[in-house]
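Below: the structure, in structure tokens.
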Amino acid sequence: MSEKSNLLIVGKPYIKLYDDKTYIFCDYSLKGESKKLWMHVDSEYSSKVDFDSSDPFSLVFLIIAMKNGVDLHFEGVLTDTLYVNISKDIQSIYCIIEPSLAQIKVTSSNMQSAIEHKGIGVGTGFSCGIDSYASLVDNYYEMPVQSHKITHLFQINHNQKLGVYDTKWQRNMPRFLKGAEEVNLPLIQIGSNFYSHVSLPYSQIHPLLNCSVAMLLRNVVGIYYYASGYKFEDIAIRKSHSAAYSDSILLPLLSTRSLFFYSTGSDKSRVEKTISISQFGIGRDSLDVCAKSPNKSLNCSLCYKCKRTMMTLDMLGELNSYGSCFDLSKWKRHRSNYIQEVLENTTNKYMEEIKKLGEDTGYFKRVEAARRRRELRAQINK
Ligand SMILES: [Zn+2]
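Residue numbering for the sequence shown follows this note's numbering, starting at -19 and increasing by one per position.
Below, the structure written as structure tokens:
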């Protein structure tokens, strides 16, 4: 691998077995330093991984090169479709999302037009959150087309260290496995060290990192659903802390002939997704919405994400069904304050949705009437 200071040079990927995991490495050279990106997957998938091409690493290297303002050269095979898109439109989109990124030139020693992969399965990321369960309702339980019905769940973490398995991610794995068992789908666990090589916020780069991992298993899946947290009317390419606004536009550009990425979930609001999940009764022992809790066996029940989910479920009369996921005693103590927050809100659109549901279901009136009855009883019993 030769070195040039204005060039990021990517070697050919190679595979190695460590412990019971299969690692796929890709060496690179940047500004005189040699480094490695890698992903690992359970050994049962080792015969399926694609290490013949650089595609699965290409999106991560693209963002590293753009961040460093250097051109990018792949010594391994690159699919032509991906080459066209990483050379042009994906860069243009990312330069708008994050203006500190530079447009760069991409080259490859070996471009191929049709790399064959055998994946006929359908994958999706699975975090046990509202978006991922809503994706399961739409693309698994209610998907009428068999070829588009989810067959595999992916649990992905990009903050792994070589040979270290006692991580927060692994300690939280029982909850993800429980959720996968509940919906009776296999859970593929894939770790990578990507995040430590990309100095940008995760919220800006997660589609590139996660779709890279899905490409590694193109011999397993030919379709991958990527759950979006934003509605279609919010979709836009703009400077933002979050790349998720651009999901519907960006994701098709990451597709190749053998793996198509779909953005899913932009047809529903968060409240509509929560209604849909609770109607199907899924995630009752594994729903994970918390923005804070380090212990994924239980949501903290106090952060803004916990509170808005608990209030929505309470309005739907479904909170007790999700009682094993939350601390309901904390909810009872803080409910009145949160109702006040929701009623007084004029800016947050998620809270606006919740306020509308509360008015439509008569929730606020019911809670107020119950409070008055309690006060009256207390006065009588004095
Ligand atoms: Zn929380």
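Note that the Cβ used here is the ideal one computed from N, Cα and C, for glycine as well.
Quick caveat: nothing in here was measured; it's all calculated off a predicted structure.
When burial is assigned at 16 or more other CB atoms within 10 Å of the CB, is Lys68 buried or exposed? Answer is exposed; the Cβ neighbour count stays below 16.
Contact between the stretch 63 to 78 and the stretch 97 to 117 (3+ Cβ pairs under 8 Å): no
Does Met(-19) pass the burial test, meaning 16 or more other C-beta atoms within 10 Å, or should it be called exposed? The predicted model places Met(-19) with a pLDDT of 47, which falls under 50 and marks its position as unreliable; any figure quoted below should be read in that light. Its Cβ having fewer than 16 others within 10 Å, Met(-19) is exposed.
May I have the straight-line CA-CA distance separating Gln324 from Asn300, to the nearest angstrom? Inspection of the sequence shows that residue 324 is occupied by Glu rather than by Gln. Distance between the alpha carbons of Glu324 and Asn300: 26 Å.
Which first and last residues belong to the beta strand (DSSP E) in which Lys(-4) is found? Tyr(-6) to Tyr(-2)
Phe363: which of Arg288, Met123 and Leu233 sits nearest, CA to CA? As shown, the chain starts at -19 and ends at 362. That puts residue 363 outside it, with no answer to give.
With H, G and I counted as helix, E and B as strand and the rest as coil, what does DSSP make of Phe5? strand
Once the 5 residues before and after His138 are set aside, which same chain residues still bring their CB inside 6 Å of it? For His138, the CB contacts under 6 Å within the same chain, skipping 5 residues up- and downstream, are Ser172, Phe174, Tyr175 and Leu189 in chain order.
Cβ separation of Val168 and Val21, assumed to be a contact under 8 Å, to the nearest whole Å: The amino acid at residue 168 is misidentified as Val; the sequence shows Ile. So it is a contact: roughly 7 Å between Cβ atoms.
By Cβ distance below 6 Å, which residues in the same chain neighbour Leu58 in space, the five residues on each side in sequence not counted? Ser34, Ser88 and Met91
Roughly how many whole angstroms lie between the Cα atoms of Ala223 and Ala207? 13 Å
Which runs of the beta strand (DSSP E), 3 residues or longer, sit entirely within the stretch 199 to 284? Fully contained in the stretch 199 to 284 are the following beta strand (DSSP E) runs of length 3 or more, in chain order: 201 to 207 and 240 to 244.
Closest to Ser9 by CA distance: which of Asp227, Tyr25, Ile44 and Ser23 is it? Ile44
Cβ-heavy atom distance, Asn152 to ligand 1, below 7 Å: no
Tell me, which residues are paired with Leu58 by DSSP? In DSSP, Leu58 forms a bridge with Met91.
So the candidates are Leu337, Asn279 and Ile95; which of them puts its Cα closest to the Cα of Met295? Leu337
In this structure, how does DSSP classify Asp294 when only helix, strand and coil are distinguished? helix
Considering just the uninterrupted stretch of the beta strand (DSSP E) at Lys365, what are its terminal residues? Outside the shown range of the chain (-19 to 362) lies residue 365, about which nothing can therefore be said.
Any 3 or more C-beta pairs closer than 8 Å across the stretch 127 to 138 and the stretch 97 to 104: The stretch 127 to 138 is in contact with the stretch 97 to 104.
Alpha carbon to alpha carbon, how far is Ser235 from Ile229? Give it in angstroms, no decimals. 12 Å
Round the Cβ separation of Leu(-3) and Cys191 to the nearest angstrom and send it over; I've been treating them as touching at under 8 Å. Here Leu(-3) is actually not in contact with Cys191; their C-beta atoms are around 25 Å apart, not less than 8 Å.
For the stretch 306 to 315 and the stretch 279 to 291, state whether three or more C-beta atom pairs, one from each stretch, are separated by less than 8 Å. The stretch 306 to 315 vs the stretch 279 to 291: in contact.
Compute the minimum distance between the beta carbon of Asn279 and the heavy atoms of ligand 2, and state whether it is under 7 Å. In the structure shown, ligand 2 is absent; the only ligands present are ligand 1.
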